[in-house]
Amino acid sequence: MTTPVPAHEPHKAKTVRPIRFVSLDERKRNLTAAHFNVFNLTPQQISFDMVSYGAGAMSQEQLAGQLIGDEAYAGARNFENMSGAITRVLGHTYVCPTHNTLGSVKLLLHAFASSGQRLPSNARGRIDLHAPRGIELVDVRDHAEAVFTGNFDLAALEAAIGASRPPFVGAQAFADGQHPISLGNLRAARALADRHGLRLVLDVSRVVENAWYIQRFEPGMADRSIAELVKLTAKSAHVIMMDGAQDARANTGGFLATDNPADHERFINDIVVFEGLHTYGGMAGRTMEVIARGLDEMCDESTVQWAMAQTERFTARLREAGVPIERGCDGAYVQADRFLPQATQHPAHALACALYLSAGVRALVPGLVGRDHLLPLQIPRLAMSNRQLDQVADAVIALHAQRERIPALTLEMDGQWHDALRFGSVLADLAPFAFDCEPWLVHTLEPIAITTREQRERAIREAGWNTFLLRSADVTIDLLTDSGTTAMSSVQWAAYDAAVPTPATSSAYLEFAAAIRDTYGYQYVLPTHQGRAAEQILSEVMIRPGQIVPGNMYFTTTKVHQEYAGGVFADVIVDEAHDPTSTFRWKGNIDLAKLDALVREHGAAQIAYISFELSVNMAGGQPVSMDNLREVYAWSRQHGIAVMFDATRAVENAYLIQKHDLRYRSTHVKDILREIMLYGDGATVSGKKDYLINIGGLLTFKDNAAWAHAAEAKLRIYEGGVRDGGLPAADLAAMAQGVREMVDDRYIRARVEQAVRLAGWLKDAGVPVVEPTGSHAVFVDARRFLPHVDQDEYPAQRLAGEIYVETGVRPMERGNVSKGRDRDGNNYRPALELVRLTLSRRVYSDDHLRAVADGIIRLWQRRNQISGLRFVYEPRDLRFFQGRFEPLPAASVAQPAGVAATGQR
Ligand code: F0G
């Protein structure tokens, strides 16, 4: 039985690399400066760099390994770790480390070969390594074979050995990245080599992809795991070599390994001359550690299935559109000579230039000049989503449609190697391709739990049907919250790492303050450890006991702090916000008539301030319009009342203004945000959302020094120093960088539009969701989902638990449980009884979310079987965090859809 193709990545993004999408004008300049050879471009000039070598995403374990490298010159523990992994995974005992494959080849040839010899091999690409050393490669590949095109023609191999005794037999798993070899054929080649007293030397740099082909296509192998097949493959050879920058997903490094101590001794005697020492071989200690972990991980069945399915999908999309390609184990290799109808010299270079110019995508022409009809479009391992790959394929397809317009190149500087060539050309007049996808790549990844239904049923029982009490180790896709769950960028991490700690003024604080002043235009910047700390201080500074605090709906922690300070919360949001079926666009707006009524009843002096949340969380992530912001601020000036924003998701609100207010269509989100902030006097922010960080918050005032000083006094008591709010400089530095990244138009569009797509899939299947879709989450309407469950039996709480049991997805209740009880002890029974599917920033792909939608749709189809819950433990404050429940008996199993059940209370 072959492992089924996973529906989504078996991991999520831990950290990301931002992509710069360069403009057409920039691309023209870059290409000209690069002499029409894309080798000369740097990644900063490229949208997608379609190369797999050393460009994959590392796992979090590898990243951690990088930091515990033992940089001893001799006998490093990392070498022992790497050797152990090689023996475990590849089965060979004696390891000789090298700086990469070239280092391995150097040692190998020095030990066994001499110039003038002929080497039979199944890999033509190895010509690049051998020809310059005076060794002639003899092609002994079986050109009649259709699936395992890397197989040896055993008769040809026999003949080659007979004609001139070779130094050894060369073999490559997935030769040239294009030709898999079967285990049967590899073993036959080994037997043949044995008969002649020759070694079989196997390059296992792409052994995993080769194992996948064996599992899928070699008779009798379907039941073998990738791990088994990898080991069997490696054990078929006398000597193996591997480049760490391929399947082990390191960025460099390599090794030779063998079971023959005599061979090993020859390698390590040469190593001191060419590479380093036999216990580090020209690698940093950390690299050995990264390779060790990569080797242990590389056979993970679901990861391999996912990566290969991505390659198949990418290749199929191109092939179906008529783009001439050949198979690659890591992508699609475009036949440049067939792609370009006009006969041209160096067609692969001409095509690479056109692809860069039209789409900013780079594909490299590798190696020696001579065999250059192919342009490999390789997928960096585990770094790209299918959405991105689909679009890269579409860019190539769009280029194919205008291939007549691709100009020829004229050679201006010749050379033996492709990287040295220089060309001249005209700049092609090609229709540019516009990407609309996540502007980041996965930099490091974190595996996610894959659980069974039985495990999940037990887990939710143990958690008292409260998704807050589930262990994240039991969760596959975590949609509990977007708070602090972001994947930080590599740029943020760099800032984090470089920050110098101090209890006084750090440069990280100054950076953060400058970023806030630049983004909001507010003068006083008081960091806090997170949002609720800022809310506490703001409430204590600005509320006198008995004062009213009008707000556009409540947020749980905000309201609690207003009440602790003696304030009385008054909801002034527009009525539409309480109606999950209303499609009013600006459901976050404040109803000015409600404000007027409050002033008439209590007088302006009794109003502490207006608590104005942007992108209103509890209403479903609903935005405030720019007109409303302006009007509320004008009103507040008239009455001498301050406006204090909850700017936790202000950037998302700004994006929705850009999207839905025609006047702002072509205004950058950063400028919209700056205008929003004009209409307020201060803000609290949970930095764990917009700011793309895992911890942090902010209290800020536009210009009122008295408030700022009062708040500073409290900051020292509750939080930490006035310039750190209890945050280390490192977190402040990451936050400062996050504030810069959050206003990137592409980033915020990708984020919010992902929620729109998820909602669309659910709506298409009839699942009731809050309209319009908000920015940070999709809210399922539990009242309409479970109309037969009374609100005091907590339908949203139950539905959240059911979604977890069905799919391994963890949502959050936002309804009766969250709202709590009134003074008389009755549940508030709020109008909104919702389940929130909250999207972390830069963490999940569309494939993850498609699986979420599919699971909820299955649940929708059997919704009548779902009953309510009752409390078995109910805390007084913020009961949704710790409360525990048990299910009520299912009363209405056979009931038709839409009929409300009563009598359960
Ligand atoms: N304001 C809003 C609008 C929030 O959504 C949150 C937190 C806070 C303030 C409090 O900030 O958590 O940093 O102390 N919301 C999280 C959520 C918990 O899941 O919606 P914090």
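Using my numbering, the first residue of the sequence shown is number 857, and each one after it goes up by one.
Here a beta-carbon is modelled for each residue, glycine too, at the ideal position from N, C-alpha and C.
* **Meets three-Cβ-pair contact criterion under 8 Å: the region 1272-1283 and the region 1220-1227** => yes
* Asked: Starting from Leu1231 and walking both ways along the beta strand (DSSP E), at which residues does that stretch end?
  -> Leu1230 to Gln1234
* Roughly how many angstroms separate the alpha carbons of Asp905 and Arg1021, rounded to a whole number? -> 42 Å
* Asked: If you compare alpha carbons, which of Ala1656, Gly1496 and Arg1740 is closest to Arg1719?
  -> Ala1656
* Asked: Expressed to the nearest angstrom, what Euclidean distance is found between the alpha-carbon atoms of Val1626 and Arg1237?
  -> 38 Å
* To do: Report the residue ranges of all beta strand (DSSP E) runs contained in full by the region 1053-1078; include only those spanning at least 3 residues, in chain order.
  => 1056-1059
* To do: Consult DSSP for Arg944 and reduce its assignment to one of helix, strand or coil.
  => In the structure shown, the three-state DSSP call for Arg944 is helix.
* Under three-state DSSP, which class holds Thr1358? -> Reduced to three states, the DSSP call for Thr1358 is coil.
* **Meets three-Cβ-pair contact criterion under 8 Å: the region 988-1007 and the region 969-976** => yes
* To the nearest angstrom, report how far apart His1704 and Ile1333 are at their CA atoms. => 7 Å
* To do: Quick one: using the 10 Å Cβ neighbour count with 16 as the cut-off for buried, is Asn1125 buried or exposed?
  => exposed
* Secondary structure of Lys868, DSSP reduced to three states -> strand
* Runs of alpha helix (DSSP H) wholly within the region 870-942 (minimum 4 residues, chain order) -> 880-889 and 916-923
* **Simplified DSSP assignment, three categories, for Val1525** => helix
* Hey, would you say the C-beta of Asp1427 is under 8 Å away from at least one heavy atom of the ligand GDP? -> This structure lacks the ligand GDP; the ligands present are the ligand F0G.
* **Met1533 beta carbon near the ligand F0G (any heavy atom closer than 8 Å)** => Outside the cutoff, so no.
* To do: Take every Cβ of the region 1584-1592, pair it with every Cβ of the region 1351-1359, and state whether three or more of those distances are shorter than 8 Å.
  => yes
* Buried or exposed by the 16-neighbour rule on C-beta atoms within 10 Å, applied to Arg1726 -> Burial call: exposed.
* **Where Leu1231 falls, given that 16 or more other Cβ within 10 Å makes a residue buried** => buried
* Roughly how far, in whole angstroms, is the beta-carbon of Gln1258 from the beta-carbon of Leu1286, given that I think they are within contact range, below 8 Å? -> 6 Å
* To do: Give the C-beta separation of Glu1508 and Val1608 to the nearest angstrom, bearing in mind that I take them to be a contact with Cβ-Cβ under 8 Å.
  => Indeed, because the Cβ distance is near 6 Å, the residues count as touching under 8 Å.
* So Gln1028 is in the beta strand (DSSP E); what residue range does that whole segment cover? -> Val1025 to Gln1028
* Around the C-beta of Asp1431, are 16 or more other C-beta atoms found within 10 angstroms, so that it is buried, or is it exposed? -> exposed
* Asked: Comparing the CB of Ser1542 with every heavy atom of the ligand F0G, is any distance shorter than 8 Å?
  -> Yes.
* **Reduced DSSP category for Ala1779 - H, G, I as helix; E, B as strand; rest coil** => With the chain represented from 857 up to 1761, any question about residue 1779 goes unanswered, as that position is not in the structure.
* Taking all protein chains shown into account, decide if Asn1682 is buried (16 or more other Cβ within 10 angstroms of its Cβ) or exposed. => exposed
* Distance between Val996 and Glu1014 (C-alpha atoms, nearest Å) -> Glu1014 and Val996: Cα-Cα distance of roughly 9 Å.
* Inter-residue Cα distance where the pair is Tyr1729 and Glu1649 -> Roughly 14 Å separates the two Cα atoms.
* To do: Within the same chain, show all residues whose beta-carbon is closer than 7 Å to that of Thr1114, passing over the 5 residues directly before and after it, in chain order.
  => His948, Tyr950, His1094, Val1095 and His1120
* Cα-Cα, which of Asp1600, Ala1562, Asp1270 and Thr1629 is closest to Pro1610? -> Per the sequence shown, residue 1610 should be read as Gln rather than Pro. That would be Thr1629, whose Cα lies nearest to the Cα of Gln1610.
* Asked: Does the Cβ of Lys1545 lie closer than 8 Å to at least one heavy atom of the ligand F0G?
  -> yes
* Consider the C-beta atom of Ala1562 and the heavy atoms of the ligand F0G; say whether any pair is separated by less than 8 Å. => no
* Asked: By Cβ distance below 7 Å, which residues in the same chain neighbour Arg1692 in space, the five residues on each side in sequence not counted?
  -> Ala1633, Phe1635, Pro1667, Met1668 and Arg1670
* Asked: My guess is that Thr954 and Phe1073 are in contact by the Cβ rule of under 8 Å, so how many angstroms apart are they, rounded?
  -> Thr954 to Phe1073, Cβ: 32 Å. No contact.
* With 16 as the cutoff for other CB atoms within 10 Å, does Arg944 come out buried or exposed? -> With fewer than 16 other beta carbons inside 10 angstroms of its own, Arg944 counts as exposed.
* **Separation of Leu985 from Arg1122, as counted between CA atoms** => Each residue's alpha carbon lies about 21 Å from the other.
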